[in-house]
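**Student:**
Numbering (our numbering), first residue to last: 51 to 277.
1) Quick one, which of 213, 227, 238 has its alpha-carbon nearest residue 205's?
2) Taking the alpha-carbon of residue 119 as reference, which of 64, 160, 209 has the nearest alpha-carbon?
3) What does a CB cutoff of less than 6 angstroms around residue 146 pick up in its chain, not counting 5 residues either side in sequence?
4) Among 131, 53, 117, 105, which has the Cα closest to the Cα of residue 219?
5) Can you tell me where the beta strand (DSSP E) with residue 135 in it begins and where it stops?
6) Let me make sure I understand the geometry here. Which of 80, 107, 130 has the alpha-carbon closest to that of residue 89?
7) Mind checking whether residue 150 and residue 68 have CB atoms under 9 angstroms apart?
8) For residue 93 and residue 194, what's the separation of their Cα atoms in angstroms?
9) If I'm right that residue 97 touches residue 65 with Cβ under 8 angstroms, what's the distance once you round it to whole angstroms?
10) Within 10 angstroms of the Cβ of residue 185, are there 16 or more other Cβ atoms? Answer buried if so, exposed if not.
11) If distances are taken between C-alpha atoms only, which option among 172, 216, 160 comes closest to residue 197?
12) Hey, how far is the Cα of residue 87 from the Cα of residue 176?
13) Please classify residue 159: does DSSP put it in a helix, a strand, or coil?
14) Decide if residue 60 is buried, meaning its Cβ has at least 16 other Cβ atoms within 10 Å, or exposed.
15) Could you pull out every unbroken alpha helix (DSSP H) segment of at least 4 residues lying fully inside the region 146 to 200, listed in chain order?
16) If you count every other CB in all the chains shown that lies within 10 Å of the CB of residue 140, and 16 or more means buried, which is it?
17) Given a threshold of 16 other Cβ atoms within 10 Å of its Cβ, counted over all protein chains shown, does residue 111 qualify as buried or as exposed?
18) Determine the DSSP secondary structure at residue 114, reduced to helix, strand or coil.
19) Over what stretch of residues does the alpha helix (DSSP H) that includes residue 91 continue unbroken?
20) Select from 167, 236, 123 the residue whose C-alpha is nearest the C-alpha of residue 222.
Structure representation (structure tokens):
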């Protein structure tokens with residue numbers, strides 16, 4: 051299997067050349083996403099805005115500055131997390147992404163989530179939330195984590211919503227402050243899962259006779275988401 055660097059290099063090139071929907075005709079630059087490929091946290095917004103379309107980077111406008119403030123509140127910098135959007139090109143006039151545009155970009159986002167394999171996927175806004183919580187309302191479920199095998203999906207309001215509705219600022223900040231404890235719970239669970247396996251393997255090695263070959267068919271396997 052190709053390594054992450056190769057996977058993301060190919061994905062980014064494909065996104066930048068994409069012509070799958072009408073957004074390709076109006077974009078300045080596609081915005082695949084950015085961040086370290088071993089990031090524990092992945093943030094998924096809705097779609098690029100004006101500044102993002104000009105620079106080809108996610109969350110570089112006013113909502114991006116608020117996002118950086120939120121990350122600092124939990125001890126992170128933006129270069130320690132992976133940031134992307136549901137759609138990779140700017141919808142004209144910053145309108146909401148259309149269903150066909152979301153469908154066109156879905157394989158890119160699925161590949162990013164799969165290759166990155168983050169511990170926490172933070173959805174920002176109702177369109178990224180809908181991918182993981184279909185039929186739900188962001189007002190009702192924000193700040194409520196959903197656990198999947200080895201991962202947590204965490205829905206939040208989009209940072210831009212606080213720019214239009216100051217009453218959401220404290221709500222968004224409080225939701226972000228839940229992230230460190232969720233990460234700790236995942237790390238603890240992972241450590242607990244590995245420790246018994248190591249002990250069991252050690253014990254078997256100690257008692258096995260030297261003239262008996264161990265079977266190799268029972269080896270344990272580890273199971274390896276507008277700015």
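Yeah, the Cβ is synthetic: ideal placement off N, Cα and C, and Gly gets one too.
**Tutor:** If we stick to the structure as given:
1) In the chain shown, residue 205 corresponds to position 155, counting from 1. It is 227 whose Cα lies nearest to the Cα of residue 205.
2) On the chain shown, position 69 is the one that residue 119 refers to. In this structure, 209 is the residue among 64, 160, 209 with its C-alpha nearest to the C-alpha of residue 119.
3) Start at 1 with the first residue of the chain shown, and residue 146 comes out as number 96. So the list is empty, once near-sequence residues are dropped.
4) Taking the first residue of the chain shown as position 1, residue 219 is located at position 169. Per the Cα distances, 117.
5) Translated into positions along the chain shown, residue 135 becomes position 85. First-last of the beta strand (DSSP E) with residue 135: 132 to 135.
6) By 1-based counting over the chain shown, the position of residue 89 is 39. Of the candidates 80, 107, 130, 130 places its Cα closest to the Cα of residue 89.
7) Numbered from 1 along the chain shown, position 100 holds the residue referred to as residue 150. Numbered from 1 along the chain shown, position 18 holds the residue referred to as residue 68. No, they are not a contact pair.
8) Translated into positions along the chain shown, residue 93 becomes position 43. Translated into positions along the chain shown, residue 194 becomes position 144. The C-alpha of residue 93 lies about 15 angstroms from the C-alpha of residue 194.
9) As a working note, residue 97 is residue 47 in the chain shown. As a working note, residue 65 is residue 15 in the chain shown. With 8 angstroms as the limit, residue 97 and residue 65 do not qualify as a contact, their Cβ atoms being about 13 angstroms apart.
10) By 1-based counting over the chain shown, the position of residue 185 is 135. Residue 185 should be labelled exposed.
11) Position 147 of the chain shown, counted from the start, is the residue given in the question as residue 197. For residue 197, the nearest C-alpha among the options comes from 172.
12) Here residue 87 corresponds to residue number 37 of the chain shown, with the count starting at 1. Here residue 176 corresponds to residue number 126 of the chain shown, with the count starting at 1. Cα to Cα, residue 87 sits roughly 25 angstroms from residue 176.
13) Counted from its first residue, the chain shown places residue 159 at position 109. The three-state secondary structure of residue 159, taken from DSSP, is helix.
14) For the purposes of this step, residue 60 is taken as residue 10 along the chain shown, with counting starting at 1. By the neighbour-count criterion, in which a residue is buried when 16 or more other Cβ atoms sit within 10 angstroms of its Cβ, residue 60 is exposed.
15) 149 to 166, 176 to 182, 188 to 191
16) As a first step, residue 140 must be located in the chain shown, where it is residue number 90. With 16 or more Cβ atoms within 10 Å of its Cβ, residue 140 is classed as buried.
17) Mapped onto the chain shown, residue 111 falls at position 61. Looking at its Cβ environment, which holds 16 or more other Cβ atoms inside 10 Å, residue 111 is buried.
18) Numbered from 1 along the chain shown, position 64 holds the residue referred to as residue 114. Here residue 114 sits in helix by DSSP.
19) What you label residue 91 is simply residue 41 of the chain shown in a count that begins at 1. Here residue 91 belongs to no alpha helix (DSSP H); instead the beta strand (DSSP E) covers 91 to 95.
20) Working through the chain shown from its first residue, we reach residue 222 at position 172. Considering only alpha carbons, the answer is 123.
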